[in-house]
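Below you'll find the structure, written out as structure tokens, and then a few comments.
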Amino acid sequence: MEINLLVFGQLSDITKCSEMKIAHVNDTQQLIIKLTTQFPELALSKYSVAVNRKVVFENTMLTDKDTVALLPPFSGG
Amino acid sequence: MEINLLVFGQLSDITKCSEMKIAHVNDTQQLIIKLTTQFPELALSKYSVAVNRKVVFENTMLTDKDTVALLPPFSGG
Amino acid sequence: MKEKKKHTVLVEGPITAAFIADSIQKHSSKTNIGAHDIFLGQVRNDLISGKTVVAIEYSAYSEMAEEKFHAIREAAFAKYNLVCMHIYHSTGMVKAGEICLFVFVSTKHRKDAFDACREITEQIKALAPVWGKEIFEDETYTWKELNNGN
Amino acid sequence: MKEKKKHTVLVEGPITAAFIADSIQKHSSKTNIGAHDIFLGQVRNDLISGKTVVAIEYSAYSEMAEEKFHAIREAAFAKYNLVCMHIYHSTGMVKAGEICLFVFVSTKHRKDAFDACREITEQIKALAPVWGKEIFEDETYTWKELNNGN
Chain Z
1 MEINLLVFGQ LSDITKCSEM KIAHVNDTQQ LIIKLTTQFP ELALSKYSVA
51 VNRKVVFENT MLTDKDTVAL LPPFSGG
Chain E
78 MEINLLVFGQ LSDITKCSEM KIAHVNDTQQ LIIKLTTQFP ELALSKYSVA
128 VNRKVVFENT MLTDKDTVAL LPPFSGG
Chain H
155 MKEKKKHTVL VEGPITAAFI ADSIQKHSSK TNIGAHDIFL GQVRNDLISG
205 KTVVAIEYSA YSEMAEEKFH AIREAAFAKY NLVCMHIYHS TGMVKAGEIC
255 LFVFVSTKHR KDAFDACREI TEQIKALAPV WGKEIFEDET YTWKELNNGN
Chain U
305 MKEKKKHTVL VEGPITAAFI ADSIQKHSSK TNIGAHDIFL GQVRNDLISG
355 KTVVAIEYSA YSEMAEEKFH AIREAAFAKY NLVCMHIYHS TGMVKAGEIC
405 LFVFVSTKHR KDAFDACREI TEQIKALAPV WGKEIFEDET YTWKELNNGN
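Residue numbers (the numbering used here), protein chains in the order written: chain Z, 1 to 77; chain E, 78 to 154; chain H, 155 to 304; chain U, 305 to 454.
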């Protein structure tokens with residue numbers, strides 16, 4: 001079980017990486033805890049979480065090959 | 078004493094002329110009466126009157142070389 | 155940085171895409187602009203009593219129209235935070251599919267651009283002494299009537 | 305006559321005046337169009353903490369962004385009486401004075417064009433996963449923050 005993580009905008013300045021594989025996480029909450037342990041600055045950042053291109057607002061189960069994205073506030077246009 | 082009359086849009090279909098000199102009219106009311114006698118269809122038409130490029134809403138005195146315009150409803154753009 | 159020079163609004167014939175592109179391109183040197191709103195009026199081939207409009211022939215009371223356009227411009231600069239604005243309106247023959255009105259508003263932030271462009275367009279329709287003669291395929295015509303939103 | 309084919313919104317680099325002209329020209333064959341409203345976003349040379357922005361580098365979550373653009377498009381066609389609409393948004397580097405967003409709405413009557421163009425532009429800003437990195441003269445940068453109307 002491995003998910004694909006995408007990190008965008010200013011968050012990629014924190015993770016120093018915009019795409020990574022992460023194993024052993026069963027839901028978005030576990031993922032966030034794991035990432036925040038590795039990158040403490042994430043805890044201070046504002047972002048949404050998308051699972052397979054849909055923003056989720058609650059803890060969401062993950063399955064193998066899901067794509068999770070960390071989305072800081074949009075600033076297009 | 079002679080004024081310059083400009084006639085625009087559909088009103089020029091009635092007068093068959095878009096610019097004419099008119100003598101012996103002291104104010105816009107006299108002018109309109111004179112024109113309506115000559116072109117009875119004008120009485121059935123909707124239009125505003127401008128004196129020297131300003132729309133007037135009441136009877137207005139005219140002086141020599143004034144330009145009076147008959148303006149049907151605008152339809153630009 | 156407000157550009158308020160008086161220019162002539164009425165132009166003979168249709169407004170071309172190349173002219174619009176040129177106007178847009180000229181604004182690339184004004185790097186305090188963040189937003190442009192452009193309104194274009196295009197001649198429709200309306201069906202009126204069974205006949206199709208193929209062109210509109212515009213006539214204007216030019217001197218009065220230019221004064222009105224200038225007043226509309228001054229009012230817009232007074233009311234909104236504009237960097238620059240331009241209006242062009244055709245006179246003479248404009249075929250269906252061609253452009254007869256070009257309103258170009260440039261601002262720092264988009265809210266002013268949207269508000270001003272819309273208001274200016276409505277004012278042009280309401281206040282400018284311009285008339286459209288809708289020409290049919292058979293060369294007969296009718297005088298255009300403006301309804302709201304037309 | 306509604307044109308709803310799915311196309312790609314994200315384009316590499318700035319949107320040129322020539323591209324906009326070409327888009328306008330293509331609509332001359334659609335003679336049921338009476339009004340176009342065009343919104344253009346242009347990169348400003350903002351002064352931020354004493355440094356001048358010389359460019360914005362846009363990045364996007366492309367797959368999600370294209371889905372959002374498509375949803376915005378579908379919603380606009382459902383809500384407004386549109387003849388056609390197009391959105392283009394830059395990715396990569398866009399210099400100050402260059403255009404990064406092009407929203408093009410064509411309708412029979414102007415009210416729909418104004419309403420739809422504004423709403424679509426607001427939705428793009430609010431919903432599209434796109435980020436702007438403001439690059440300064442000295443090659444340092446800051447991440448753009450959207451305020452209302454920015």
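We put the CB at the ideal spot given by N, CA and C, even for glycine.
Distance between residue j and residue i (C-alpha atoms, nearest Å)
i	j	result
H263/H	R422/U	13 Å
T60/Z	E2/Z	15 Å
A380/U	T140/E	57 Å
D104/E	P149/E	20 Å
A146/E	K184/H	41 Å
T36/Z	K46/Z	13 Å
L314/U	F8/Z	16 Å
L431/U	N336/U	31 Å
F256/H	T444/U	40 Å
N4/Z	D66/Z	6 Å
K308/U	D341/U	Bear in mind that the predicted position of K308/U carries a pLDDT of just 46, short of 50, making it too unreliable to give a figure here.
K437/U	V358/U	11 Å
E19/Z	E58/Z	23 Å
M155/H	D350/U	Note on M155/H: pLDDT 39, under 50, position unreliable in the model; no value is reported.
G188/H	D269/H	15 Å
V284/H	E449/U	44 Å
H181/H	V55/Z	38 Å
E371/U	I424/U	14 Å
V398/U	A23/Z	37 Å
N235/H	Y384/U	29 Å
H224/H	T446/U	41 Å
L11/Z	T356/U	23 Å
L119/E	V387/U	40 Å
I14/Z	F39/Z	7 Å
F352/U	D442/U	Position check: residue 352/U holds Ile in this sequence, whereas Phe was assumed. Those two C-alpha atoms are separated by around 13 Å.
I32/Z	F74/Z	20 Å
E367/U	F173/H	36 Å
R377/U	L121/E	48 Å
H243/H	H393/U	30 Å
M389/U	M239/H	24 Å
Which listed residue (the options) has its alpha carbon closest to that of residue i
i	options	result
V391/U	F408/U, K383/U, K399/U, A382/U	With the sequence shown as reference, residue 391/U is identified as Ile, and Val is not the correct amino acid for it. Among F408/U, K383/U, K399/U, A382/U, the Cα nearest to that of I391/U belongs to F408/U.
A232/H	H181/H, S182/H, D266/H, V197/H	D266/H
V197/H	S95/E, G153/E, L119/E	G153/E
E276/H	H181/H, G195/H, A171/H	G195/H
I210/H	E299/H, I289/H, L300/H	I289/H
Q106/E	V126/E, R130/E, L83/E	V126/E
K279/H	K205/H, G204/H, Y212/H, T162/H	Y212/H
V128/E	T206/H, Y215/H, E291/H	Y215/H
K98/E	L121/E, E118/E, R130/E, L83/E	L83/E
F343/U	E441/U, E378/U, A321/U	A321/U
R53/Z	G354/U, A369/U, S353/U, T312/U	A369/U
Those residues which DSSP pairs with residue i across a bridge
i	result
A189/H	T261/H, G345/U
L405/U	G345/U, H393/U
F290/H	V207/H
T144/E	N81/E
S363/U	W435/U
I169/H	I253/H
L201/H	T206/H
K131/E	V128/E
Cβ-Cβ separation, residue j to residue i (assumed contact under 8 Å), whole Å
i	j	result
V102/E	K93/E	Contact flag wrong, Cβ pair sits at about 20 Å.
E316/U	T395/U	6 Å
A175/H	A400/U	No, A175/H and A400/U are not in contact; Cβ-Cβ is about 20 Å, not under 8 Å.
I319/U	I403/U	4 Å
Where the beta strand (DSSP E) through residue i begins and ends
i	result
M247/H	236-249
T28/Z	That residue, T28/Z, is in no beta strand (DSSP E); its alpha helix (DSSP H) goes 28-38.
A382/U	A382/U -> not in any beta strand (DSSP E); alpha helix (DSSP H) instead, spanning 366-383.
T140/E	Unbroken run through T140/E: none, as it is neither H nor E.
K298/H	Unbroken run through K298/H: none, as it is neither H nor E.
K184/H	Where K184/H is concerned, there is no enclosing beta strand (DSSP E), given that its DSSP letter is neither H nor E.
V163/H	Premise fails: V163/H is in no beta strand (DSSP E) and is neither H nor E.
A127/E	125-128
The alpha helix (DSSP H) enclosing residue i, as first and last residue numbers
i	result
K98/E	Per DSSP, K98/E belongs to no alpha helix (DSSP H); it is in the beta strand (DSSP E), 96-100.
L11/Z	11-15
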